[in-house]
Amino acid sequence: MLGLMQDWQLLCHRIIDHAALYHAERPVITRSIEGPIHTTNYVEVRARALRVAQRLERDGIRLGDRVATLAWNTWRHLEAWYGIMGIGAVYHTVNPRLFPDQISWIINHAEDRVMMIDTSFLPIVEKLADRLKPIERTIVLTDAAHMPATTLRNAVPYEDWISEADGDFAWKYFDENTAAGMCYTSGTTGNPKGVVYSHRSNVLHSMMAAQADAMSVCSRDIILPVVPMFHANCWGLALTSPMIGAAMVMPGAKLDGPSIYQLLDTYRVSFTAAVPTVWLMLLQHLEANNLKLPYLKNVVIGGSACPRAMIQKFQDVYGVNVCHAWGMTEMSPLGTLGSLKPEYASLTGEARLDVQMKQGHPPFGVDMKIVDDSDRELPRDGKTFGRLKVRGPSVARAYFKEDRNVLDDGGFFDTGDVATLDRHGYMQITDRSKDVIKSGGEWISSIDLENLAVGHPKVAEAAVIGVRQPKWGERPLLVIVLKEGQSATKDELLGFFDGKIAKWWTPDDVAFVDEIPHTATGKIQKTALRERFKDYAFPAVAHQ
Ligand code: AMP
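Counting the sequence shown from 1 gives a position; the numbering used here is that position plus 991.
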């Protein structure tokens, strides 16, 4: 017997229809690439998205065709997404921070027919033009007055291009499992892999994200997605915000401390999300200028482990609640979020911080378990760590153009992370499986050590890698960037670990560097550090 409910396919353009009808006046404010602040609302975003859809169709773009976007978070990028999805074409966010070779590789692999691009990224793409074979037309996300001279074939300013359509157009309707978006994972080795989101997975993910124990956002929020749309769907916020009718503030190209502070303050932003690197820049700016954050209520921090000192500072100094979150491109991306369940809600001080250092618990729609190397499930005791596996309706089951099944027999996807799960469902990452340090057969968590090290007042950034060592196999090396104008001795930094971790976890040495290399999504590039220090020899230390 079947249920007798309506067949209402979960299509992404229904989200912008809903926003335009029920949250019509809500502003979408952008720091434009051209400079000035631009303000629009969901009615206009929808109207212009319809013109994008109509115009794409006139250019011959059809169901399943891929449209690349190389763009910052702006109202035009938002319109483009909905316009592309509204005819069943597929937005393909390309991370402009990738190496040029990777950009051309993924555009060719995805077979993008159209490219929408911010003026700031034109120089990168002009150099690659000969290699971007499938691109038939380039739409530059600006107006005629700001259109730079370009050597790209068939380049046209976005505003001219959509002005050729009147918007008298109806969305297309199709199966909810149709592809809606694509994003390649920024693998540090090998070729990137294409993750393909469907309309259904995007809509379900947005509903999961909005829950009170997830992002906890609503129509009264003013949301600043600092995390770019090209980084794992900007954690779903380009879909979740219109779905719940929240106002949006789009940061454009400027993600530095002063620029983000100005938006937070001027537009009374209540909710924001980004990787720790962004918040490091903001906190430094606040401290240096004695500024406060009177309007901001919640900040979601993820993408890499959030340092304890950062959570503490946001909460104790600025009165902003921190939600530590974990996810990955393959998960659309949300996996866990760190709201406090009743079991932990009454905790204060260090005990509360201990829980907030965990990456949080999964919303409905994410199943998770930890397993050992023989795939045996491990206990959820908050101590035992193993390979973290996940499944759910917004988790990838395969990569684009790869026949290989990436799931195990139970339908679980191996995240490549090593984690603990506690009895209340909180997950804590201890490492990437390839970054964990194996010393004398025991595992040392590089993330725990990094988190402690950045708590030192003189340290700007820290990375810990395993380096070969004859007796123990591997030992931890602490790589440090000091804050500007600071100096510190090795002993001073290593002494900082005393009493905070098991003695044998203490790194054997410290290397001071000017800069730590990052991947295109802002994560520490451990492969590059391991390469740099591969011939490094440790000094003799007591425990050896
Ligand atoms: P990406 O697909 O580029 O978003 O990268 C996903 C990976 O980032 C995860 O598998 C984790 O290794 C890492 N990651 C994301 N969020 C966190 C977090 N809060 N703490 C530690 N690692 C994280």
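C-beta atoms are modelled at their ideal positions from N, C-alpha and C, and glycine is treated no differently.
### Message
Between the alpha carbons of A1171 and V1036, how many angstroms are there, rounded?
### Response
Looking at the two C-alpha atoms, the distance is approximately 18 angstroms.
### Query
By how many angstroms is the C-alpha of N1182 removed from the C-alpha of S1337?
47 angstroms
### Task
Note down, in chain order, each residue of its chain lying with its Cβ closer than 7 angstroms to the Cβ of G1407, except the 5 sequence neighbours on either side.
So the list reads R1423 and S1424, once near-sequence residues are dropped.
### Secondary structure of I1007, DSSP reduced to three states
helix
### Task
May I ask you to report which of helix, strand or coil DSSP gives C1314?
It is a strand residue.
### Residue nearest to S1436 in terms of C-alpha spacing, selected from V1386, S1095, Y1335 and Q1419
Q1419
### Query
Does DSSP put I1302 in a helix, a strand or coil?
helix
### Query
the ligand AMP heavy atoms versus the CB of Q1350: any closer than 7 angstroms?
yes
### Query
Just reading off the beta strand (DSSP E) that W1226 is part of, what are its end residues?
Unbroken run through W1226: none, as it is neither H nor E.
### Message
What I want to know is whether the C-beta of K1514 ends up closer than 7 angstroms to one or more non-hydrogen atoms of the ligand AMP.
### Response
yes
### Query
Can you tell which of R1211, E1150, W1072 and A1453 has its C-alpha closest to the C-alpha of L1271?
A1453
### Task
Along the alpha helix (DSSP H) that carries Y1335, what are the first and last residues, could you check?
Its alpha helix (DSSP H) spans residues P1333 to A1336.
### Task
Assuming V1409 contacts R1459 (C-beta within less than 8 angstroms), just tell me the rounded distance between them.
Contact between V1409 and R1459 does not hold, since the beta-carbon distance rounds to 20 angstroms and is not under 8 angstroms.
### Query
What do you reckon, are the CB atoms on P1354 and L1331 nearer than 8 angstroms?
no
### Query
How far does the alpha helix (DSSP H) with S1189 in it reach, from first residue to last?
Taken as a continuous stretch (DSSP letters only), S1189 belongs to no alpha helix (DSSP H), being part of the beta strand (DSSP E) at K1184 to S1189.
### Task
May I ask whether a heavy atom of the ligand AMP can be found less than 7 angstroms away from the beta carbon of I1420?
yes
#### Entry: Alpha carbon of S1250 to alpha carbon of N1289, nearest angstrom
Distance between the alpha carbons of S1250 and N1289: 19 angstroms.
#### Entry: Option in T1375, P1125 and G1351 with minimal Cα separation from I1361
T1375
#### Entry: Exposure label - R1128; buried when at least 16 CB within 10 Å
buried
### Task
Could you spell out where the beta strand (DSSP E) holding G936 opens and where it closes?
Any property of residue 936 remains undetermined from this structure, which presents the chain solely from 992 to 1535.
### Message
Taking only three categories from DSSP, how would you classify E1368?
### Response
strand
### Message
Bridge partners for A1238 per DSSP, in chain order?
### Response
I1213
### Paired residues, beta bridge with S1430 - DSSP
E1433
### Option nearest R1523 by Cα separation, candidates R1005, D1489 and I1456
I1456
### Message
Does H1014 come out as helix, strand or coil in the three-state DSSP assignment?
### Response
coil
### Query
L1412: which of V1186, H1352 and K1163 sits nearest, CA to CA?
H1352
### Task
Would you mind giving the Cβ-Cβ distance between S1189 and T1231, rounded to the nearest angstrom? I have them listed as a contact below 8 angstroms.
In this structure S1189 is not in contact with T1231, their Cβ atoms being roughly 16 angstroms apart against a cut-off of 8 angstroms.
### Message
Rounding to the nearest angstrom, what Cα-Cα distance links V1210 and V1240 in this structure?
### Response
Note that residue 1210 is Ser in the sequence shown here, rather than Val. For S1210 and V1240, the distance between alpha carbons rounds to 14 angstroms.
### Query
Counting Cβ pairs closer than 8 angstroms, one from the stretch 1297-1305 and one from the stretch 1262-1280, do we hit at least three?
yes
### Query
How is the beta strand (DSSP E) around I1153 delimited, first residue to last?
First-last for I1153: Y1149 to S1154, but that is the alpha helix (DSSP H), not the beta strand (DSSP E).
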